[in-house]
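Take the sequence shown: its position 360, counted from the start at 1, is 360 in full-length UniProt numbering, and no numbers get skipped.
A virtual CB, placed ideally from N, CA and C, is assigned to each residue, including glycine.
Values in this document were obtained by computation on a predicted structure and should not be read as measured data.
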Amino acid sequence: KFNVSNSNVLLSRRDSMAVIHSDLSYSSAVNNNTLYLLILPFSIKEQGIDRVLENKDKHSVRKLSDFLRSRKQFHGATCMQQQESHEMKDSGNFMLDQSWCRFVKKMWSVHIRNTGPVKNLALQKSLRLDSDSETGTTDALVQTCSIVQGPFVIRKDVFQKIGGLIEGFGKLSLLEFFLRSKGELKIAKLGSCAWTPKIKRTDRGNLKGSKEVPEYANFANKHKVLRIVTENSIEWTACVANWKMCPEKPYVEPRGLPGVAAPICCSTVLWKMLSDFVRGLNKLGLEYRIVDGTLLGAVRSKAIIPWTYDVDIALPSSVFKNASTYTALEKVLENQYYIGMSFMDMPRGHILVPPYIDVNTAPYFDGPEDLEGKALFSSDLEEAVKGMLPVSQYWRQRGYVDFYEAGQALMEGSSIVTINNKQFVTVKDVDKMLSTNYGKNYRQPALKGEWSGLSDHNGP
């Protein structure tokens, strides 16, 4: 268990608070007089807390520090992710807001719930959001959590005992920190304050701008975690490719168990990448043609070939050679992708988000207090995840989009093909391209029967 410091150094001292960002940079120095640390989920270029925080957030940080000074039983404190418009009442266990509160690691799965015990605590009126000029006490709702989402204030000695933040985990840095705490932290979420959107933003920390995406493999292998279950999504630290789970047929999004709890196929990740990049190109008004292995899957099965590594998209020469094309694509796709150059000097798009599915997971838990989520496990699922750990750090395993230069002849004319019940633009003479690249028997799958893993060969 964590012992709470009983130091009585006044919080009005300038050096009693330090600010640490997810890239391990400091907005103010940590020294022997520092009692509390403000942990922010984003990297920072400018130095100084005055440039980082808006006045409302400075106000909230002071309230959290005052709260910790008066409530020794808590290791840390945070504000709500959004201010509730309705009047909240005391409840034994409910969501104070739509942000994390409690978690458990069960085998290879992490379960995070927004629910947690909420109590009325008598606080100084100066800790109320809008009552700084008042004196005396008033009741306020406080939720006791073991994990939080976004900024939080924590006692320095507790933070250091856990080991602080560690490099190499990107957006998973805070989750990785909380997993090392083993659920033993007591963090107060105050219903009397809320963070502004600016301070809630998250990024990849010291990995921001890097074409490498090691964070999910690092996280999976350090903590032996494959699946992260939250209230509204299920993420996986790796995708899967085998004949049992990933047949070559059009993808249908799962709507219930066991599908929503199962590993996500690598072909589903490639499908997201294809859909996103084509959406981005259309939004920018740029022509494209899907070609090669992606076209082969469209013709053969109207699906993504489940053992292939990549998506193949051809662009007109003027678009292909224009560096601003890829910068614009990154921006329109909200920085979920990084586009760099491959070893063959071809533009290549890498996904920065994990395999995931948006789903309400509450029905798979036995009420708001449950963390175990027994419905999310089965003998079939145990069989499906065998061999997924350790997660490979090899960049090809995450899939990618290759962009090719299309000459004038290739761009003359076009036709339409269907993948996963969605239409895409391709070359005019499909048979000529596929028979040239894969032979006349291109409709015959390269891998038959029992197969596992990704292959460089997606043709006969």
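| Item | Value |
| --- | --- |
| G209 versus S181, P263, Q336, residue with shortest Cα-Cα distance | Q336 |
| Reference Y251, options W236, P258, L270, M17, closest by Cα | L270 |
| Buried or exposed by the 16-neighbour rule on C-beta atoms within 10 Å, applied to E235 | buried |
| Whole-angstrom C-beta distance between S65 and M17, which should lie under 8 Å | 6 Å |
| Own chain partners of V332 with C-beta closer than 6 Å, once the 5 adjacent residues on each side are dropped | G280, K283 |
| Boundaries of the beta strand (DSSP E) in which L315 is found, first to last residue | 310-316 |
| Endpoints, the alpha helix (DSSP H) within which P197 is located | 197-200 |
| Stretch-stretch touch, CB-based, cutoff 8 Å, three pairs: the stretch 188-202 with the stretch 312-324 | no |
| Through-space distance from R71 to R128, alpha-carbon basis | With a pLDDT of only 49 at R128, under 50, the local geometry of the prediction cannot be trusted, and the value read off the model is given with reservation. Roughly 15 Å between the two C-alpha positions. |
| Whole-number beta carbon distance between G349 and M273, since they are thought to touch under 8 Å | 7 Å |
| Neighbour-count burial assignment, R180, 16 or more Cβ in a 10 Å radius | exposed |
| Where the beta strand (DSSP E) through S192 begins and ends | 187-194 |
| C-alpha distance - M80 paired with N55, whole-angstrom precision | 16 Å |
| Ranges of the beta strand (DSSP E) found wholly within the stretch 393-428, counting only runs of at least 3 | 400-406, 415-419, 422-426 |
| Whole-number beta carbon distance between L371 and V104, since they are thought to touch under 8 Å | 4 Å |
| Separation of D97 from S414, as counted between CA atoms | 50 Å |
| Three or more C-beta pairs below 8 Å linking the stretch 394-413 and the stretch 144-154 | no |
| Beta bridge counterpart(s) of P347 as assigned by DSSP | M341 |
| Inter-residue Cα distance where the pair is L329 and S275 | 13 Å |
| Exposure of G150, with buried meaning 16 or more beta-carbon neighbours within 10 Å | buried |
| L141 at chain C interface by Cβ criterion, 8 Å | Absent here is chain C; the protein component of the structure consists of one chain. |
| Own chain partners of F74 with C-beta closer than 7 Å, once the 5 adjacent residues on each side are dropped | L68, K186, I187, A188 |
| Beta-carbon separation (whole angstroms), G183 vs S43, contact threshold 8 Å | The Cβ separation is near 27 Å, so there is no contact. |
| Residue span of the alpha helix (DSSP H) that contains C266, given as start and end | 266-283 |
| Cβ-Cβ distance between V425 and R201 below 8 Å | no |
| Expected contact under 8 Å - CB spacing of H59 and L40 to nearest Å | Actually they do not touch by this definition, with Cβ atoms about 16 Å apart. |
| Whole-Å CB distance - L37 paired with V153, under 8 Å assumed | 7 Å |
| Environment of S342 [buried if 16+ CB atoms lie within 10 Å] | exposed |
| Start and end residues, beta strand (DSSP E) containing T78 | 76-80 |
| E235, DSSP secondary structure in three states | strand |
| Coarse secondary structure for A140, derived from DSSP in three states | strand |
| Nearest-angstrom Cβ-Cβ length linking T418 and A241, presumed shorter than 8 Å | About 22 Å separates the two Cβ atoms, so there is no contact after all. |
| Residues bridged to M17 [DSSP beta-bridge criterion] | Y36 |
| Separation of M433 from Y338, as counted between CA atoms | 29 Å |
| Anticipated Cβ contact below 8 Å, A384 with A262, distance rounded | 6 Å |
| Y216 classed as buried or exposed, judged by whether at least 16 other C-beta atoms fall within 10 angstroms | buried |
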